[in-house]
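Student: Sending over a structure as structure tokens; questions will come in a sec.
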Amino acid sequence: MKIGLFVPCYIDAFFPKTGVATLELLEKFGQDVDYPMDQTCCGQPMANSGCNRDAAAAEALFVRNFAQYDAIVMPSGSCAHHVRDNFDAIPQTDEVRHVRRNTYELVEFLHDVLNVRDFPWAEFPHKVGLHNSCGTLRALRTASMSELGETPFSKPMDLLSRVKGISFATPKRPDECCGFGGTFCVTEEAVSARMGLDKVRDHHTAGAEYIVSADSSCMMHQQGCAERAGVPIRFIHIAEILNGTRE
Amino acid sequence: MKVKPVNHARAAEEFIKDAPHLNFHDERLWDLRQKRDQQMHILPEWQELRSLASQIKEHTLANLPEYLEQFEANARKNGIHVHWAADAAEHNRIVGEILEKHGARSLIKSKSMVTEECSMRDYLEPRGVVVTETDLGERIQQLDGQMPSHIVVPAVHKLTPDVAKIFAKYYNTDPNDDDPNSLAWSQRLAARPVILTADAGMTGGNFIVAETGSFVVCTNEGNADLSATVPGLHIATLGIERLVPRMADLGVFVRLLSRSALGSPITQYTTHFHGPQKGSEMHVVLVDNGRSHRLGMEEFWTSLKCIRCGACMNTCPVYRRSGGLSYGAVYSGPIGAIIDPTFNERKYSTLPFASTMNGSCTNVCPVKINIHEQLYKWRRVLAEHHELPFVKREIMHMAGKLLGQPKLYRAAVNGTETALQTLPRFLLYNWMNPWSKNRELPHPVKQTFHSWYKENRLKAQKKGKTA
């Protein structure tokens with residue numbers, strides 16, 4: 001299987017280690033991974049702001065970059081959600097449909113497609129709180145949602161629980177949104193920042209040393225809130241833990 | 001005259017500054033959400049009920065004219081006077097005429113969002129009709145000159161000391177006595193005489209049953225029953241979307257309503273009104289006020305399924321932190337944000353953006369309205385109708401162009417140093433000020449992933465080939 005790696009803009013600019021970990025992790029499982037150099041963005045920021053037509057060029061470029069791959073993998077749930085569910089600024093050709101059908105968020109790719117459960121190289125002797133972004137939780141359904149009363153399941157927990165030495169803290173409101181929300185974080189600054197602060201406090205009170213997530217954008221926002229308010233908690237992408245990062 | 005859009009962000013910011021109110025509001029509503037969850041866990045058929053409720057509503061809305069006519073015919077047989085109001089003005093005129101015919105100068109009413117929607121009090125009061133709200137929360141809001149801030153708990157944004165101050169002003173009670181029992185007691189003492197001497201009573205209605213020509217009112221305070229039965233003249237204002245075909249359908253909704261709203265199995269009072277008592281008169285005003293128009297909106301008509309339980313508000317993290325009044329509309333929260341623009345696209349153009357689109361509202365909705373997906377769709381419609389702020393629209397336009405051209409994009413961020421100075425500003429759409437007001441910026445890194453890959457992988461590959 002030939003995999004195209006998509007590294008979203010936030011990760012490219014602020015969290016390159018997450019991109020590296022994603023690439024190395026996929027390679028550890030014997031995957032043939034390419035990173036097309038001409039990639040920019042999936043179009044989500046424009047589409048989420050209502051400016052869907054302005055997303056057309058980015059979406060077309062995305063398809064040009066990734067149409068040749070069997071699977072497109074990205075360490076970001078909300079980008080995967082955009083490509084899969086809302087990628088409609090351009091005509092829906094066979095190529096576009098192929099890209100949309102074969103786009104995966106990293107955790108679901110590891111969990112559902114590669115079916116891996118063992119990370120013998122991974123050890124993370126810390127107490128972590130898992131943050132499921134709303135994009136991965138409610139749109140990609142990588143875990144059960146409290147509102148629906150489903151039988152509990154969690155793909156990221158399935159994977160993390162195989163890491164040596166790791167333990168978990170459960171916040172009081174485990175699947176409440178952290179308030180990032182794309183452009184929401186600047187247009188509704190006050191609500192966004194407050195939600196972020198409440199989120200990190202909830203994790204901290206539950207005893208988490210780290211917040212771990214499959215979405216860097218949520219963590220970028222939460223980290224900003226935590227640092228400003230002096231909440232002593234650290235952040236790490238799930239790809240880095242699974243790839244064996246030790247801190 | 002051009003109407004100014006509601007500034008939700010600014011109103012929310014004000015609300016957030018007041019820590020005691022914010023914390024109470026967030027926790028009180030989260031408590032309701034948790035109680036709702038407990039009720040859901042008790043009923044194994046919860047999801048089945050939701051599906052059924054959604055199907056019944058969709059079926060009814062698809063056949064609305066037939067069912068409305070069936071209701072009208074049956075209601076008339078029951079001795080109810082039925083009126084049709086195309087809009088708010090017509091509704092108010094009809095109510096005014098009924099009151100005038102009876103020489104009614106005082107009207108007691110129980111909570112009804114439709115009369116709020118029609119601004120009925122503003123119409124009746126200058127015409128010499130004294131309107132008194134009998135629902136406790138609604139009365140507090142009336143005395144304070146505010147709209148209800150929540151569909152079910154209209155004064156939930158207030159703390160008991162706030163209520164003590166309001167009651168002291170109007171009821172001459174002790175402004176420092178904020179004991180909930182004595183506050184409830186003073187409301188009772190103030191309201192009972194008004195109820196006993198009122199000329200007319202008014203209620204809303206939670207459900208209308210076509211088959212029986214009856215309607216159902218659900219309350220917890222019993223005030224609706226008093227309003228409806230004591231004066232001998234009962235006017236009920238009903239939105240046409242409240243219809244269900246048969247009495248048998250009602251069980252589905254009654255089971256869902258209070259469980260979704262407050263986490264209680266049922267409301268204290270669930271009253272079926274089939275017709276007037278002996279010697280009294282009963283009027284029903286069926287209100288359209290934009291509903292038929294919404295029914296014709298391909299992407300938004302299912303919002304008419306709403307049974308006004310407020311579950312979406314209780315679960316909404318944005319609503320809990322901004323308060324209902326920040327929406328500047330009769331209907332607030334997630335459901336308000338998809339309904340309000342149908343009343344006035346420009347005025348409420350900001351509301352679909354007052355959401356992170358996390359989807360929790362859709363999951364709790366007892367009639368399965370895809371609320372967060374409609375928020376997303378509204379954003380497109382509003383952007384296409386140019387209801388976006390100019391700067392935002394332009395930035396998105398420019399971002400869209402740049403992100404479509406990789407060479408330009410990378411040239412704009414040519415070299416790591418420039419990239420790391422330019423990228424953050426660009427990625428946050430040059431709105432760094434709002435970001436950094438309450439948050440630190442992300443930490444700078446030595447290298448983007450793109451340049452790491454170029455250096456560590458592409459070069460290595462080339463070396464490998466030449467070696």
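Chains B and S, in that order, give the protein sequences.
Quick note on full-length UniProt numbering: the first sequence kicks off at 1 and runs consecutively.
Quick note on full-length UniProt numbering: the second sequence kicks off at 1 and runs consecutively.
Glycine residues also receive a C-beta, built at the ideal position from the N, C-alpha and C atoms.
Considering only DSSP beta bridges, list what B:Val-104 is partnered with.
Tutor: Before going further, note that residue 104 of chain B is Tyr rather than Val in the sequence given. Paired residue(s): B:Val-73.
Student: Less than 7 Å between the beta carbons of S:Leu-243 and S:Tyr-67, yes or no?
Tutor: Result yes, Cβ atoms of S:Leu-243 and S:Tyr-67 sit closer than 7 Å.
Student: Hey, quick one: how far does the beta strand (DSSP E) through S:Arg-308 stretch, first residue to last?
Tutor: Neither: S:Arg-308 is in no beta strand (DSSP E) and is coded neither H nor E.
Student: In this structure, how does DSSP classify B:Val-7 when only helix, strand and coil are distinguished?
Tutor: Three-state result, B:Val-7: coil.
Student: Taking the straight line between their C-alpha atoms, what separation do you get for B:Ala-60 and S:Leu-408?
Tutor: Each residue's Cα considered, the two are about 16 Å apart.
Student: For S:Phe-186 and S:Cys-312, what's the separation of their Cα atoms in angstroms?
Tutor: Checking the sequence, you will find Ser at residue 186 of chain S rather than Phe. Rounded to whole angstroms, S:Ser-186 to S:Cys-312 spans 32 Å at the Cα level.
Student: Less than 7 Å between the C-beta atoms of S:Arg-246 and S:Glu-221, yes or no?
Tutor: It is not a contact, given that the beta carbons lie outside the stated cut-off.
Student: Since B:Lys-155 is in the alpha helix (DSSP H), which residue starts that stretch and which ends it?
Tutor: Start and end: 155-160.
Student: One question on the structure: do B:Gly-4 and B:Asp-215 come within less than 7 Å of each other, judged by their Cβ atoms?
Tutor: Going by C-beta atoms, B:Gly-4 is not nearer than 7 Å to B:Asp-215.
Student: Beta strand (DSSP E) containing S:Cys-218: first to last residue?
Tutor: Run containing S:Cys-218: 214-219, per the beta strand (DSSP E) assignment.
Student: Between the Cα of B:Arg-162 and the Cα atoms of B:Ala-169, B:Cys-185 and B:Arg-117, which residue gives the shortest distance?
Tutor: When only C-alpha atoms are compared, the closest one is B:Arg-117.
Student: Between residue 471 of chain S and chain B, is there a C-beta pair that is closer than 7 Å?
Tutor: Look at the range of chain S in this structure, 1 to 467, and you will see that residue 471 of chain S is not part of it.
Student: Could you check if S:Lys-40 is buried or exposed, using at least 16 other CB atoms within 10 Å of its CB as the buried criterion?
Tutor: What sits at residue 40 of chain S in the sequence shown is Met, not Lys. Label assigned to S:Met-40: buried.
Student: By the DSSP assignment, the alpha helix (DSSP H) with S:Trp-30 in it spans what residues?
Tutor: Segment 19-42, the alpha helix (DSSP H) holding S:Trp-30.
Student: Determine whether the beta carbon atoms of S:Val-216 and S:His-272 lie at a separation below 7 Å.
Tutor: Taking 7 Å as the Cβ cut-off, S:Val-216 and S:His-272 qualify as a contacting pair.
Student: Would you mind listing the alpha helix (DSSP H) stretches within the region 60-131 of chain S that are 4+ residues and don't spill past its ends, in chain order?
Tutor: Segments of the alpha helix (DSSP H) lying fully in the region 60-131 of chain S: 64-77, 88-101, 113-117 and 120-124.
Student: S:Cys-316 and S:Pro-334 look like a contact to me (Cβ under 8 Å); what is the Cβ gap, rounded to whole Å?
Tutor: With a Cβ gap of about 5 Å, S:Cys-316 and S:Pro-334 count as contacting.
Student: Using C-beta distances below 6 Å, list every residue in its chain close to S:Leu-61, excluding the 5 sequence neighbours before and after it, in chain order.
Tutor: The residues are Leu-304.
Student: Note down, in chain order, all residues in the region 7-25 of chain S with a beta-carbon under 8 Å from any beta-carbon belonging to chain B.
Tutor: Answer in chain order: His-8, Ala-9, Ala-12, Glu-13, Ile-16 and Leu-22.
Student: Output yes or no for whether 7 Å exceeds the beta carbon distance between S:Phe-253 and S:Gln-374.
Tutor: Their beta carbons are not under 7 Å apart, which means S:Phe-253 does not touch S:Gln-374 by this criterion.
Student: Quick check: is the beta carbon of B:Phe-29 nearer than 7 Å to any beta carbon in chain S?
Tutor: Taking Cβ atoms only, chain S never reaches closer than 7 Å to B:Phe-29, which makes this a no.
Student: Once you ignore the five residues that flank B:Thr-197 on each side, which residues in its own chain have a CB closer than 6 Å to its CB?
Tutor: Reading the sequence as shown, one finds Leu at residue 197 of chain B and not Thr. Excluding positions up to five away in sequence, the list reads Cys-225 and Ala-229.
Student: B:Met-37 to B:Asn-102, Cα distance in whole Å?
Tutor: Computed Cα separation, rounded: 20 Å.
Student: Give the secondary structure of B:Val-20 by DSSP, where H, G and I count as helix, E and B as strand, and everything else as coil.
Tutor: Of the three classes helix, strand and coil, the one that applies to B:Val-20 here is helix, per DSSP.
Student: What is the residue span of the alpha helix (DSSP H) that S:Val-391 lies within?
Tutor: Counting along the chain, the alpha helix (DSSP H) containing S:Val-391 begins and ends at 390-403.
Student: Measuring only the C-alpha atoms, how far is S:Glu-417 from B:Gln-39?
Tutor: Unreliable positioning characterises S:Glu-417 in this predicted model, as indicated by a pLDDT of 49, which lies under 50. The coordinate reading is nonetheless provided below. Between S:Glu-417 and B:Gln-39, the C-alpha separation is close to 20 Å.
Student: Verify the CB distance criterion: does B:Met-219 have a CB-CB separation below 7 Å to chain S?
Tutor: Not an interface residue.
Student: Using a Cβ cut-off of 8 Å, which residues of the region 71-96 of chain B contact any Cβ in chain S, in chain order?
Tutor: Against chain S - using a Cβ distance shorter than 8 Å - the residues of the region 71-96 of chain B are Asn-86.
Student: Assuming S:Ala-200 is part of the alpha helix (DSSP H), what are its boundary residues?
Tutor: Looking at the DSSP string, S:Ala-200 is not in any alpha helix (DSSP H); the run it does join, the beta strand (DSSP E), is 200-203.
Student: Indicate whether at least one CB of chain B lies closer than 7 Å to the CB of S:Glu-417.
Tutor: With a pLDDT of only 49 at S:Glu-417, under the threshold of 50, the placement of this residue in the model should not be trusted; the figure read from the coordinates follows. Answer no: the Cβ-Cβ gap between S:Glu-417 and chain B never drops below 7 Å.
Student: The beta strand (DSSP E) spanning S:Glu-281 covers which residue range?
Tutor: First-last of the beta strand (DSSP E) with S:Glu-281: 281-287.
Student: Using the Cα positions of S:Ala-184 and S:Leu-22, report the straight-line distance between them to the nearest angstrom.
Tutor: Taking the straight line from one Cα to the other gives about 23 Å.
Student: Just to confirm before moving on: does the CB-CB distance between B:His-73 and B:Phe-109 stay below 7 Å?
Tutor: The question names His, but residue 73 of chain B is Val in the sequence shown. In this structure, B:Phe-109 lies closer than 7 Å to B:Val-73 by Cβ.
Student: On the CB-based measure, 16 or more other CB atoms within 10 Å of its CB, does B:Glu-105 come out buried or exposed?
Tutor: By the 10 Å Cβ count, B:Glu-105 comes out buried.
Student: Taking the alpha carbon of S:Leu-226 as the point to measure from, which residue in S:Ser-264, S:Gly-239, S:Leu-286 and S:Lys-111 has its own alpha carbon closest?
Tutor: The option with the nearest alpha carbon to S:Leu-226 is S:Lys-111.
Student: Out of B:Ala-55, B:Glu-176 and B:Ala-13, point me to the one whose CA is closest to S:Gln-405's CA.
Tutor: If we check each option's Cα against that of S:Gln-405, B:Ala-55 comes out closest.
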